[in-house]
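K.L.:
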Amino acid sequence: MRFLQIGLGSMGKRRVRCLQTLGFKDITAYDPKAQRRTEASKLYGIKTIDRLSEKDLIAADAVLISTPPDRHLEYIKACLRTGKPAFIEASVILKGLPEAAAAADRKGIALCPSCTLSFHPAVKMMAKIVKSRKYGGFTNFSYHSGQYLPDWHPWEAVKSYYVSKKETGGGREIVPFELTWLTQVFGLPSGVAAFHGRTMNVGAPIDDTYALSLKFKRGYGVLIVDVVARCAVRLLVVNLERGQIRWDWDDNSIRVYDARTGKWTQNRFSAGKAASGYNKNITEDMYVEEIGAFVSAARGKRKFPNTMEHDIEVLKVLCRAEGHK
Amino acid sequence: MRFLQIGLGSMGKRRIRCLQRLGFRDITGFDMRADRRDEAARLYGVATTDKVSSELFGLFDAVLISTSPAHHLEYMKMSVESRRPTFIEASILPEGLAAIDRAARKKNVFMAPSCTLMFHPAVKIIKAAVLGGKYGKLTDFSYHSGSYLPDWHPWEPLKGFFASQKKTGACKEIIPVELTWLCDIAGLPARVVSLYGRTTDIGAPIDDTYIIALKFRQGFGALIVDAVSRNAVRRLILNMERGQVIWHWENDWLDIYEASSRKWKRVTFKLGKAEKGYNKSIAESMYLDEIRAFVKGLGNRALYPNTLAKDLGVLSILEKADKKYGPKR
Chain A
1 MRFLQIGLGS
11 MGKRRVRCLQ
21 TLGFKDITAY
31 DPKAQRRTEA
41 SKLYGIKTID
51 RLSEKDLIAA
61 DAVLISTPPD
71 RHLEYIKACL
81 RTGKPAFIEA
91 SVILKGLPEA
101 AAAADRKGIA
111 LCPSCTLSFH
121 PAVKMMAKIV
131 KSRKYGGFTN
141 FSYHSGQYLP
151 DWHPWEAVKS
161 YYVSKKETGG
171 GREIVPFELT
181 WLTQVFGLPS
191 GVAAFHGRTM
201 NVGAPIDDTY
211 ALSLKFKRGY
221 GVLIVDVVAR
231 CAVRLLVVNL
241 ERGQIRWDWD
251 DNSIRVYDAR
261 TGKWTQNRFS
271 AGKAASGYNK
281 NITEDMYVEE
291 IGAFVSAARG
301 KRKFPNTMEH
311 DIEVLKVLCR
321 AEGHK
Chain B
1 MRFLQIGLGS
11 MGKRRIRCLQ
21 RLGFRDITGF
31 DMRADRRDEA
41 ARLYGVATTD
51 KVSSELFGLF
61 DAVLISTSPA
71 HHLEYMKMSV
81 ESRRPTFIEA
91 SILPEGLAAI
101 DRAARKKNVF
111 MAPSCTLMFH
121 PAVKIIKAAV
131 LGGKYGKLTD
141 FSYHSGSYLP
151 DWHPWEPLKG
161 FFASQKKTGA
171 CKEIIPVELT
181 WLCDIAGLPA
191 RVVSLYGRTT
201 DIGAPIDDTY
211 IIALKFRQGF
221 GALIVDAVSR
231 NAVRRLILNM
241 ERGQVIWHWE
251 NDWLDIYEAS
261 SRKWKRVTFK
271 LGKAEKGYNK
281 SIAESMYLDE
291 IRAFVKGLGN
301 RALYPNTLAK
311 DLGVLSILEK
321 ADKKYGPKR
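From first to last, the protein sequence lines are chains A and B.
Oh and the first sequence: position 31 is 31 in this note's numbering, straight run, nothing missing.
Oh and the second sequence: position 188 is 188 in this note's numbering, straight run, nothing missing.
#1: Quick one: what does DSSP say G7(A) is sitting in, helix, strand or coil?
#2: Using alpha carbons as the reference points, say which of S145(A), Y257(A), A110(A) lies closest to R81(A).
#3: Say whether chain A places a C-beta atom closer than 7 Å to the C-beta of Y257(B).
#4: What residue range does the beta strand (DSSP E) around S330(B) cover?
#5: Would you tell me roughly how many angstroms separate the C-alpha atoms of E156(A) and V233(A), rounded to the nearest one?
#6: Applying a beta-carbon distance threshold of less than 7 Å, which residues of chain A neighbour E319(B)?
#7: Listed from N- to C-terminal order along the chain, which residues in the region 236-250 of chain A have their beta-carbon within a distance smaller than 7 Å of any beta-carbon of chain B?
#8: Looking at the structure shown, is K13(A) part of a helix, part of a strand, or coil, going by DSSP?
#9: Does at least one heavy atom of the ligand NAD sit under 6 Å from the Cβ of H71(B)?
#10: Please say whether F119(B) and E250(B) have beta carbons closer to each other than 7 Å?
#11: Could you give the C-beta distance for I93(A) and D70(A), rounded to a whole number, given that I count them as a contact under 8 Å?
#12: Using a Cβ-Cβ cutoff of less than 8 Å, which residues in the same chain neighbour Q184(A) once the five nearest sequence positions on both sides are dropped?
#13: Taking N279(A) as the query, report the chain B residues whose CB atoms sit under 7 Å from its CB, ordered along the chain.
#14: Helix, strand or coil for K84(A) per DSSP?
#15: Give me the chain B residues within the contact set of R218(A), using Cβ-Cβ distance strictly less than 8 Å, ordered along the chain.
#16: So the beta strand (DSSP E) Q5(B) belongs to, where does it begin and stop?
#17: Answer yes or no: does any C-beta atom of chain B fall closer than 7 Å to that of I224(A)?
#18: Please identify the residue among K273(A), R302(A), G292(A) whose C-alpha is closest to the C-alpha of V16(A).
#19: What three-state label does DSSP hand Q147(A) in the structure shown?
#20: DSSP state of H248(B), grouped into three classes?
#21: Could you check where the alpha helix (DSSP H) with F294(B) kicks off and where it finishes?
#22: What did DSSP end up calling W218(B) once you bin it into helix, strand or coil?
#23: DSSP puts Y210(B) in a beta bridge; with which residues?
#24: Leaving out five residues before and five after S316(B) in sequence, what residues of the same chain have Cβ atoms less than 8 Å from its Cβ?
#25: So Q244(A) is in the beta strand (DSSP E); what residue range does that whole segment cover?
#26: Give the range of the beta strand (DSSP E) segment to which L64(B) is assigned.
#27: Can you tell which of W181(B), L182(B), A204(B), A213(B) has the C-alpha that lies nearest to the C-alpha of S194(B)?
#28: Using 10 angstroms around the beta-carbon of N201(A), count the other beta-carbons present and answer buried if the total reaches 16, otherwise exposed.
#29: Could you tell me the distance, in whole angstroms, from the CA atom of R42(B) to the CA atom of A34(B)?
#30: G243(A) and D258(A): beta carbons closer than 7 Å?
#31: Taking Cβ positions only, does T139(A) come closer than 7 Å to chain B?
#32: Would you check if the region 247-267 of chain A and the region 174-183 of chain A touch, i.e. whether three or more CB-CB distances between them fall below 8 Å?
#33: Let me know if I256(B) comes out buried or exposed under the rule of 16 or more other beta-carbons within 10 Å of its beta-carbon.
#34: Using a C-beta to C-beta distance shorter than 9 Å, which residues of chain B count as neighbours of L97(A)?
#35: Report the three-state DSSP secondary structure of D207(A) (helix, strand or coil).
#36: In chain B, which residues lie less than 8 Å from L212(A) when you measure between Cβ atoms?
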């Protein structure tokens, strides 16, 4: 299979590594920045291009879009024109996506929006437990997802990349990133009440904290996303009618309380290793598995676990949280 | 000193234990229920009465009101009429409270509304960390306070227990309990939005889960209070500009991250023992310290950390939360 990787920033390079881990060698990568092209060809021995034409798209069997989110749409449209299945990194901008999704449906083109955390072993375990109803229905959850924006790319200034822009800001981007898997587990919320804003100087004038109250068909959830947490944190408590789940992403396990026995069990997993320069909990395995799922979808073998329709609904939740209609 | 204990339910009995541990012996307990009076007399050797009035209040040096929240007001009125300094358990209902506050101020009566968690060792450490300035300003926090209503009083049926009534349901009681100490640290929120409702059958027709987003002058907070947590939970993550606090109430420690050194510091404390029948994390020591502060407040009311005015501020948040305050979304 021939792949076209669009964008060679940190995520683009990661996707190249994923493809290579899965055994794919025929990868062409596009980035307008010469330094990135040089680095990628040196590190991964791949062919790079400084201009993207329709010919390049036509020559590929599948495309991976890892540009800043405000550039996704133009490359999605290019994939739609050339009929190429595409993997798209986490979205944060709703505009244009419904039309793109409708066009993809009409043309039968697989557009696969990222849902990385759905491949995290803890998330998979939790989803299975909640959906099994072994401990009854879900009643509520609280989830805090916090990071420190200057720690994202310690090798470059916050202002030099997209997370410093208001529309694609670090905090704003993580809200749908987390909501994607949360809504896969708990469903889409019917009610949203939220605040967001700037609390400190993280090197860019962005909304650094989002506090969301969510009402689901059954149950409630609180989600707080911030990029001001000096130590990165993901802590979750899920209450079920006859149990409780706790997840601390620093542990390679989830803990489950069974109200009938009054006992906790620890479900361990292997999270794998993180790439150099990343937080130890941002392991490569979930990204590799995600690209494996995309390849299957591109080959028409299996459906990708996330859809454009779901992505659009999630982005609508973000808009509602911000007070937009 | 002579104390009048109004209400001899679980909290009333606890307050008697507190007073006795502080060395006070002259305690009279009032309750309309004979079984409760008998039990209190048997367990603690206190005098009891089934009648109460402003005149009776006047015979004591201080009063403690531990009735169900719906009855606080009528006894607080007696306190003001008789000018007796009074400790009041956690309030839920703001109706009439502002008038009582005004009347108490006018007559110079010391009113001490409960703020138990301010005496929790973890809360004291968190407050010092946030207000100490070492870690910069507070940026945000998330706090989950969950318990299972049927576990509150396993020795009695839910029916008849105030926490199982819609108006004074468990969550409505816990929200101000938690907000009292949270707002002591973060200040009163400028805005509140909330969602709440019933998620399952816990044997009482109450709204069993409240989720509240808070916007402070500086920073944000997300609070969830529920009465459906099969395992009781109190879990706080609090971010500051140069630090982070993580607290799980089942631990007798909390962790503070110092961004300057990039290291975690574990701060341990003595939690003390819980009374028989209570969750092990509900240590008696904070109740004892609270009553100690009330007694000190009898001499100098500045030594007691909560006031009716502060309570009213906190209850107004609950009121806003209850109205599903904020834009309809």
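Beta carbons: idealized from backbone N, C-alpha and C, even for Gly.
These numbers were taken from a predicted model, which means no experiment stands behind them.
P.N.:
In brief:
#1: The count along the first sequence starts at 1 and reaches residue 7(A) at position 7. It is coil, neither helix nor strand.
#2: Here residue 81(A) refers to the residue found at position 81 when the first sequence is read from its first residue. Residue A110(A) is the option with its Cα nearest to R81(A).
#3: Walking along the second sequence from the start, residue 257(B) turns up at place 257. Cβ-Cβ to chain A under 7 Å: yes for Y257(B).
#4: In the structure displayed, chain B extends from 1 to 329; residue 330(B) sits before or after that span and is not available.
#5: Taking the first residue of the first sequence as position 1, residue 156(A) is located at position 156. Taking the first residue of the first sequence as position 1, residue 233(A) is located at position 233. Taking the straight line joining both Cα atoms gives about 22 Å.
#6: The residue labelled residue 319(B) in the question sits at position 319 within the second sequence. Going along chain A, no residue has its Cβ under 7 Å from E319(B), so there is no contact; the nearest lies around 16 Å.
#7: V237, N239, E241, R242, G243, Q244
#8: Stepping through the first sequence from its first residue, residue 13(A) is reached at position 13. Three-state result, K13(A): helix.
#9: With respect to the ligand NAD, the structure offers nothing, as it holds no ligand at all.
#10: Within the second sequence, numbered from 1, the residue matching residue 250(B) stands at position 250. Within the second sequence, numbered from 1, the residue matching residue 119(B) stands at position 119. Their beta carbons are not under 7 Å apart, which means E250(B) does not touch F119(B) by this criterion.
#11: Residue mapping note: residue 93(A) aligns to position 93 of the first sequence, counting from 1. Residue mapping note: residue 70(A) aligns to position 70 of the first sequence, counting from 1. Yes, I93(A) and D70(A) are in contact; Cβ-Cβ is about 6 Å, under 8 Å.
#12: Locating residue 184(A) in the first sequence gives position 184, counting from the first residue. Closer than 8 Å at the Cβ level, and outside the excluded window around Q184(A), lie C115, S118, A127, P305, N306, H310.
#13: The sequence position of residue 279(A) within the first sequence is 279, counting from 1. Ordered by position in chain B, no residue passes the 7 Å Cβ test against N279(A), which lies about 13 Å from the chain.
#14: In the first sequence, residue 84(A) corresponds to position 84, counting from 1. Correct three-state label for K84(A): coil.
#15: In the first sequence, residue 218(A) corresponds to position 218, counting from 1. The contacting residues are T199.
#16: Within the second sequence, residue 5(B) is the residue found at index 5, counting from 1. Counting along the chain, the beta strand (DSSP E) containing Q5(B) begins and ends at 3-6.
#17: Within the first sequence, numbered from 1, the residue matching residue 224(A) stands at position 224. For I224(A), the answer is yes, since a Cβ of chain B falls inside 7 Å of its Cβ.
#18: Stepping through the first sequence from its first residue, residue 16(A) is reached at position 16. When only C-alpha atoms are compared, the closest one is G292(A).
#19: The residue you call residue 147(A) lines up with position 147 of the first sequence. Residue state, collapsed to three classes: strand.
#20: For the purposes of this step, residue 248(B) is taken as residue 248 along the second sequence, with counting starting at 1. It is a strand residue.
#21: The count along the second sequence starts at 1 and reaches residue 294(B) at position 294. Looking at the DSSP string, the run of the alpha helix (DSSP H) that includes F294(B) is 284-299.
#22: As a working mapping, residue 218(B) is identified with position 218 in the second sequence. Note that residue 218(B) is Gln in the sequence shown here, rather than Trp. Reduced to three states, the DSSP call for Q218(B) is coil.
#23: Counting from 1 along the second sequence, the entry for residue 210(B) is found at position 210. Paired residue(s): Y196(B), V225(B).
#24: Along the second sequence, one-based indexing puts residue 316(B) at 316. So the qualifying residues of the chain are P94.
#25: What you label residue 244(A) is simply residue 244 of the first sequence in a count that begins at 1. Looking at the DSSP string, the run of the beta strand (DSSP E) that includes Q244(A) is 243-248.
#26: The residue you call residue 64(B) lines up with position 64 of the second sequence. First-last of the beta strand (DSSP E) with L64(B): 62-65.
#27: Start at 1 with the first residue of the second sequence, and residue 194(B) comes out as number 194. Selected option, being the one with the closest Cα: A213(B).
#28: To locate residue 201(A), count along the first sequence from 1; it is residue 201. Answer is exposed; the Cβ neighbour count stays below 16.
#29: In the second sequence, residue 42(B) corresponds to position 42, counting from 1. In the second sequence, residue 34(B) corresponds to position 34, counting from 1. Those two C-alpha atoms are separated by around 12 Å.
#30: The residue labelled residue 243(A) in the question sits at position 243 within the first sequence. The residue labelled residue 258(A) in the question sits at position 258 within the first sequence. Contact flag set, yes.
#31: Translated into the one-based positions of the first sequence, residue 139(A) becomes position 139. It does; some Cβ of chain B falls within 7 Å.
#32: no
#33: As a position in the second sequence, residue 256(B) is number 256, starting the count at 1. The residue in question, I256(B), is buried, as its Cβ has 16 or more Cβ neighbours within 10 Å.
#34: Translated into positions along the first sequence, residue 97(A) becomes position 97. Simply none; closest approach about 21 Å.
#35: Numbered from its first residue, the first sequence carries residue 207(A) at position 207. Three-state result, D207(A): coil.
#36: Position 212 of the first sequence, counting from 1, holds the residue named residue 212(A). The contacting residues are A213, A222.
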